[in-house]
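See below for the structure under consideration.
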Amino acid sequence: MTAGLGANRALKYKIMFRLFGSSCTIFNTNIDHFTDKHMCFTDSVISSQALSQLYRSISLVECNDFFQDWIKYCCADDCICYDVTSISNYSTSLPMVAWGYNRDKERLPQVNVGMFCTIQRKLPVYFSCYNGSINDFTNLPYVLEQAKANGLKLDVPITLVIDGGFAVGDALDNARAHGCDFIVGAPLDFCKDIREQVLNWRRNPLSENTILIQRSDGTIRCSVKDYNIGRINTRLMMYKSPLSTSRDEASLSSYVSKISEELRSATRLGPNRYKQYSQLFHINVNEKNEILSFEIKEKHYSEILELCGCFALFCTRNDLSPQEVLDIYRAKDCVEKAFSVFKNDILYERLEVKSQESIYGKLFIAFIALIIRRMLDNKLRPYLKISRIGLDSAIARLSDITCRKYGESWVLTSSLSKQQKELVETLNIPISFLDIKKG
């Protein structure tokens, strides 16, 4: 990726990948300390000013060149999941930073970041940042167009795995127009018909259309039927999980008991509570909004009880079984975990930039660091499982390897520990040339 960037910038890229990939708390003021104390192979400490200049110097052309090469490498024969997060920023003067739906429940303006990840290898594929006030499904066709321009569609027709927030007719039409198959969550409130379809199935649970999916946490029941979303032919897959059923029923029972107790003890209800509680209860009040009597809506309650543990998915691929569709959809949490690392470990929950030009550069380097962490995790997974340590612990042990420069050569300041040797060997790191015993 650093080919053609020049030796100086390539070196700074490598230092930043190391910094961002180390789970270090990232603020611009930390770079001088980091480059002074860690093995970065640089002759001088990098200042926060130089770091800001690096962010601004990263061009969209360079990023797209990387994405085109990277997509060819990581996307063959794999499904792609997509999701969006928001990253808060204190500055309100930047055009891309705007008020919108803040997923962290913070009263701060934000930038939205959409990211694609592969399902099997769980590798970040591509990201796009856009104005924080734009909602996710409205921007989906624009992100797909950008990803397509960078090769996402050219190498393999993709199957897009997305959550129920994107279950909007226009968004799915756009996905199909870009040649994408999709697996998408089908919220029971997507339209009245989905809820009725699931209820009709549960009223006849032993119908011949019901299949059983054996899993370690219980047997999941499933029913499949053809379904049209506008002009899109898809399959509606309805599932009922025994584990989720018991959890949802307990939660529902607790909620009903809580509301019943509040209604018994309350003398009157405000309009908001009346509207909320009326969803489950018939409530009689007088002209002063004083509660005269209440009773549960039996039919509505029985329907909610029947829907406990139920969920549904849309799938346009006919070659996948209901179990395969479920496994693929559940595996999409890789993008949620990637966002957690991206925001909390790498960016430390804030973007911390003061110029529009720095936003994409910082996000791009953080994205590369996320790839490095994911590849490290994939390569170290057998060792981490055997040694019962996490990736952050392994990175901390590697970060404790220190060097000093003597003349034109770098040498280790101490012998490696047993764990460090195991990690170096597992990763096949060519570190022997730094050892004073090499000659």
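First residue of the sequence shown? That's 1 in UniProt numbering, and the numbers climb one at a time after it.
Even glycine gets a Cβ: it sits at the ideal position worked out from N, Cα and C.
Worksheet item: For the candidate residues Q356, Y55, R56, C79, whose alpha-carbon lies nearest to that of D333?
Response: Shortest Cα-Cα distance from D333 to any of Q356, Y55, R56, C79 involves C79.
Fill in: Cross-strand partners of C403 (DSSP beta bridge)
For C403, which the question treats as bridged, DSSP gives the partners L412.
Worksheet item: For I162, is the classification buried or exposed, using 16 other Cβ atoms within 10 angstroms of its Cβ as the cut-off for buried?
Response: Buried is the call here.
Worksheet item: Does the beta-carbon of N228 have 16 or more other beta-carbons within 10 angstroms, so that it is buried, or is it exposed?
Response: N228 comes out exposed.
Worksheet item: With DSSP run on the structure shown, which of helix, strand or coil describes N272?
Response: Residue state, collapsed to three classes: helix.
Worksheet item: Do you know offhand how far L206's Cα is from S223's?
Response: Distance from the CA atom of L206 to the CA atom of S223, rounded to whole angstroms, is 10 Å.
Discussion item. Below 8 Å on the Cβ atoms is my contact criterion, and I expect C310 with Y239 to pass it. Report the Cβ-Cβ distance as a whole number of Å.
Written reply: Indeed they touch by this definition, with Cβ atoms about 7 Å apart.
Practice prompt. Kindly identify the DSSP beta-bridge partner or partners of N284.
Written response: S293, per the DSSP bridge assignment.
Worksheet entry | Supposed close pair S128, V143 - CB separation, criterion 8 Å | Indeed they touch by this definition, with Cβ atoms about 5 Å apart.
Discussion item. Short of 7 Å in beta carbon distance, which residues of its chain neighbour R317, apart from the five on each side in sequence? Order them along the chain.
Written reply: Within the same chain, T159, D181 come within 7 Å of R317 by CB-CB distance, once the 5 residues on both sides are set aside.
Worksheet item: V335 and D83: beta carbons closer than 8 Å?
Response: At a Cβ-Cβ threshold of 8 Å, V335 and D83 count as neighbours.
Item to complete: With a floor of 4 residues, list each alpha helix (DSSP H) that falls wholly inside the segment 315-398, ordered by position along the chain.
Response: The qualifying runs are 322-330, 333-340, 356-387.
Worksheet item: Given G361, which residues of its chain have a CB within under 8 Å of its CB, disregarding the five upstream and five downstream residues?
Response: Only L54, Y55, R56, S57, I58 meet the Cβ criterion.
Discussion item. Using a Cβ-Cβ cutoff of less than 6 Å, which residues in the same chain neighbour D248 once the five nearest sequence positions on both sides are dropped?
Written reply: Excluding positions up to five away in sequence, the list reads C308, G309.
Worksheet item: Can you give the Cα-Cα distance for S387 and M375, rounded to whole angstroms?
Response: Those two C-alpha atoms are separated by around 18 Å.
Worksheet item: Just how far apart, CA to CA, sit P271 and V285?
Response: Answer to the nearest angstrom: the Cα atoms are 11 Å apart.
Fill in: Length of the line joining the Cα atoms of G132 and I365
Distance from the CA atom of G132 to the CA atom of I365, rounded to whole angstroms, is 20 Å.
Worksheet entry | For S241, the nearest candidate out of S260, L263, S216 (CA to CA) | When only C-alpha atoms are compared, the closest one is S216.
Discussion item. Once the 5 residues before and after T234 are set aside, which same chain residues still bring their CB inside 6 Å of it?
Written reply: Within the same chain, Cβ atoms closer than 6 Å to the Cβ of T234 are found at Y227, F314, T316, the five residues on either side in sequence being excluded.
Worksheet item: Measuring CA to CA, which of Q49, Y383, L123, P141 is closest to Y130?
Response: Nearest of Q49, Y383, L123, P141 to Y130, Cα basis: P141.
Worksheet item: Mind checking K275: buried by the 16 CB within 10 Å criterion, or exposed?
Response: Exposed: under 16 other Cβ atoms inside 10 Å.
Worksheet item: On the premise that I71 lies in contact with G150, defined as a C-beta separation below 8 Å, what is that separation, rounded to the nearest angstrom?
Response: It should be noted that the sequence gives Asn, not Gly, for residue 150. The Cβ separation is near 6 Å, so the contact holds.
Item to complete: Label S321 either buried or exposed according to how many other C-beta atoms from any shown protein chain fall within 10 Å of its C-beta, with 16 as the threshold for buried.
Response: S321 is exposed by the Cβ-count criterion.
Practice prompt. With a cut-off of 8 Å on the beta carbons, I'd call V184 and F137 a contact; round off their distance for me.
Written response: No, V184 and F137 are not in contact; Cβ-Cβ is about 11 Å, not under 8 Å.
Worksheet item: So, is W201 buried or exposed, given that buried needs 16 or more other C-beta atoms within 10 angstroms?
Response: That one is buried.
Item to complete: Look at the alpha carbon of M421 and the alpha carbon of Y73, and state the distance between them as a whole number of angstroms.
Response: Going by the sequence as given, residue 421 is Lys instead of Met. Y73 has its alpha-carbon roughly 30 Å from the corresponding atom of K421.
Item to complete: Identify every residue that forms a DSSP beta bridge with T159.
Response: Secondary-structure assignment with DSSP links T159 through a beta bridge to D181.
Worksheet entry | DSSP beta-bridge partners of P124 | Beta-bridge pairing links P124 to C117.
Worksheet item: Using a Cβ-Cβ cut-off of 7 Å (strictly less than) and excluding sequence neighbours within five positions of I87, which residues of its own chain qualify?
Response: The beta carbon of I87 sits closer than 7 Å to those of Q110, V111, V113, K343, L347, L351, all from its chain and outside the five residues before and after it, given in chain order.
Item to complete: Give me the Cα-Cα distance between N64 and T413, rounded to the nearest whole angstrom.
Response: In this structure, the alpha-carbon of N64 lies about 40 Å from that of T413.
Item to complete: Between the Cα of T245 and those of R107, K299, L427, L305, spot the shortest distance and give me the residue it belongs to.
Response: Of the candidates R107, K299, L427, L305, the one whose C-alpha sits nearest the C-alpha of T245 is L305.
Worksheet item: Expressed to the nearest angstrom, what Euclidean distance is found between the alpha-carbon atoms of G179 and Y383?
Response: Here the alpha carbon of G179 sits roughly 40 Å from the alpha carbon of Y383.
Worksheet item: What is the rounded straight-line gap between the Cα of L427 and the Cα of K379?
Response: Distance between the alpha carbons of L427 and K379 is about 7 Å.
Worksheet entry | Residue nearest to E295 in terms of C-alpha spacing, selected from A250, R397, R264 | Considering only alpha carbons, the answer is R264.
Worksheet item: For the alpha helix (DSSP H) that residue 440 lies in, which residues bound it at each end?
Response: Past the boundaries of the shown model lies residue 440; the chain is included only from 1 to 439, so the question cannot be answered.
Worksheet item: Where does Q279 land, buried or exposed, given buried means 16+ other C-beta within 10 angstroms?
Response: By the 10 Å Cβ count, Q279 comes out exposed.
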